[in-house]
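For reference, the structure is listed below as structure tokens.
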Amino acid sequence: MTKTSTPHAALPVVEVTAAARELARAGRWQRALCLLDATVTTEPRDRAALALAGAQIALERDWFGGTDTADARIATADSAIGGLTEPVGRWDLDFVRLRHAYFRLLLGDGAFRFGPAGKDPAELAELRRRADELCERAADDVRRGWARMYLGLIVDNLFAERDEAPAHYELALHAGESADDLLAREALRHLGDHDHDNLDHERARQRWTRATALGARAGNVPGTLSQQMLLAVLARDTGDEPAATALATEVARWAGAIGAVRVASQATAFLTGTDPTTGRGNEG
Numbered sequence: 001m002t003k004t005s006t007p008h009a010a011l012p013v014v015e016v017t018a019a020a021r022e023l024a025r026a027g028r029w030q031r032a033l034c035l036l037d038a039t040v041t042t043e044p045r046d047r048a049a050l051a052l053a054g055a056q057i058a059l060e061r062d063w064f065g066g067t068d069t070a071d072a073r074i075a076t077a078d079s080a081i082g083g084l085t086e087p088v089g090r091w092d093l094d095f096v097r098l099r100h101a102y103f104r105l106l107l108g109d110g111a112f113r114f115g116p117a118g119k120d121p122a123e124l125a126e127l128r129r130r131a132d133e134l135c136e137r138a139a140d141d142v143r144r145g146w147a148r149m150y151l152g153l154i155v156d157n158l159f160a161e162r163d164e165a166p167a168h169y170e171l172a173l174h175a176g177e178s179a180d181d182l183l184a185r186e187a188l189r190h191l192g193d194h195d196h197d198n199l200d201h202e203r204a205r206q207r208w209t210r211a212t213a214l215g216a217r218a219g220n221v222p223g224t225l226s227q228q229m230l231l232a233v234l235a236r237d238t239g240d241e242p243a244a245t246a247l248a249t250e251v252a253r254w255a256g257a258i259g260a261v262r263v264a265s266q267a268t269a270f271l272t273g274t275d276p277t278t279g280r281g282n283e284g
């Protein structure tokens with residue numbers, strides 16, 4: 001149990017972290033982190049769980065909001081988990097580190113930089129090795145599916161091995177279908193990207209509309225907005241410019257309102273004629 005600042009109130013840490021993660025999915029990253037930071041507990045495992053949730057949420061905030069806060073949260077979680085007699089949460093923190101490293105390599109100086117050009121080959125190889133290792137170490141199918149998803153992203157977007165990535169996404173989709181809407185959504189998003197590249201617009205539409213619905217069902221507001229951008233791309237590709245413009249305008253408005261600056265920037269650029277899928281710019 002964990003005590004809030006009110007002396008007579010208590011909540012299980014699992015409920016606090018679940019609520020914080022749901023707030024973060026809605027784009028309320030600061031509120032989610034404040035909830036975690038305001039929660040006081042003397043139990044080492046509970047402190048570790050709170051710190052891990054803080055690292056996960058900070059990473060999401062940095063990705064969508066363009067901030068740079070995850071490093072400190074990851075260090076705090078590492079200290080808290082390292083102090084436990086059992087390595088509870090170690091896989092999850094290592095996965096946060098993997099995603100953080102992937103984002104750093106992909107974004108570079110703030111702009112998307114796809115492919116291996118300009119990147120250290122040894123660093124790329126090490127990231128791929130770590131993703132493989134997480135697949136092997138995963139304790140359950142969903143965790144294995146997430147590791148497989150990021151192995152696919154690393155292969156796809158950092159190594160530019162486009163033909164190799166869909167097999168990883170298919171395995172991630174299989175793992176997410178019955179257990180994790182967000183994992184299934186992520187896999188469908190990137191499988192649809194390959195359909196779009198192959199000019200199979202109908203298959204891309206099927207996957208992207210389903211990904212949009214799954215993200216919404218999971219309460220993932222910024223991710224659902226980024227998914228709507230891909231539907232705007234399809235509208236433009238199929239000659240429906242009024243629909244594309246209307247959808248992108250609303251995405252820009254909503255994303256800007258919640259502080260999802262990367263999505264808002266993509267939508268604004270789209271309205272001036274830029275395709276966010278060009279050069280693999282459809283992350284989100």
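Numbering (the UniProt record's numbering), first residue to last: 1 to 284.
Quick reminder that beta carbons are idealized off the backbone N, C-alpha and C, glycines included.
Note that the structure is a prediction, hence the values are computed from the model and not measured.
- Comparing C-alpha distances from leucine 134 to each of Leu151, Glu123, Asp120 and Ala172 shows the shortest one belongs to Leu151.
- With fewer than 16 other Cβ atoms inside 10 Å of its own Cβ, glycine 239 counts as exposed.
- Around the beta-carbon of proline 12, fewer than 16 other beta-carbon atoms lie within 10 Å, marking it exposed.
- In summary, serine 178 is exposed, with fewer than 16 beta-carbon neighbours lying within 10 Å of its beta-carbon over all protein chains present.
- The C-beta distance from tryptophan 208 to glycine 192 rounds to 4 Å, short enough to fall under 8 Å.
- When the five nearest sequence neighbours on each side are left out, the beta carbons in the same chain lying within less than 6 Å of the beta carbon of leucine 188 are those of Arg207, Arg210 and Ala211, in order along the chain.
- Beyond the five residues adjoining it in sequence on each side, threonine 278 comes within less than 7 Å, by CB distance, of no other residue in the same chain.
- Between valine 221 and alanine 26, the gap from beta carbon to beta carbon is short of 8 Å.
- In the DSSP assignment, alanine 55 is bridged to no other residue.
- Taking 4 residues as the minimum length, the alpha helix (DSSP H) runs contained wholly in the stretch 78-120 are 90-107, in order along the chain.
- Under the criterion of beta carbons closer than 8 Å, histidine 196 and proline 166 do not qualify as touching, at roughly 12 Å.
- Look at leucine 11 here: in three-state DSSP terms it is strand.
- Straight-line spacing of the CA atoms in aspartate 180 and valine 142 works out to 7 Å.
- Residue state for serine 226 is assigned as helix, using DSSP reduced to three classes.
- DSSP, reduced to helix, strand and coil, places threonine 278 outside both helices and strands of the structure shown, so it counts as coil.
- Cβ neighbours of alanine 58 within its own chain (closer than 6 Å, five residues either side excluded): Thr69, Ala70 and Arg73.
- For alanine 216, the uninterrupted alpha helix (DSSP H) segment begins and ends at 201-217.
- Taking glycine 223 as reference, the option from Ala48, Ala49 and Trp63 with the minimal CA-CA separation is Trp63.
- DSSP places phenylalanine 270 in the helix class (H, G or I) of the three-state scheme.
- Each of Leu23, Pro44, Met229 and Thr272 was checked against the Cα of leucine 84, and the nearest Cα belongs to Pro44.
- Between the beta-carbon of alanine 125 and that of arginine 148 there is about 18 Å, and that puts the pair past the 8 Å contact cut.
- Take the alpha-carbon of aspartate 78 and the one of arginine 97: they are about 10 Å apart.
- Here alanine 51 is actually not in contact with threonine 17; their C-beta atoms are around 10 Å apart, not less than 8 Å.
- When the five nearest sequence neighbours on each side are left out, the beta carbons in the same chain lying within less than 6 Å of the beta carbon of glycine 89 are those of Ala48, Leu52 and Ile81, in order along the chain.
- The Cβ-Cβ distance between glycine 118 and glycine 259 does not fall below 8 Å.
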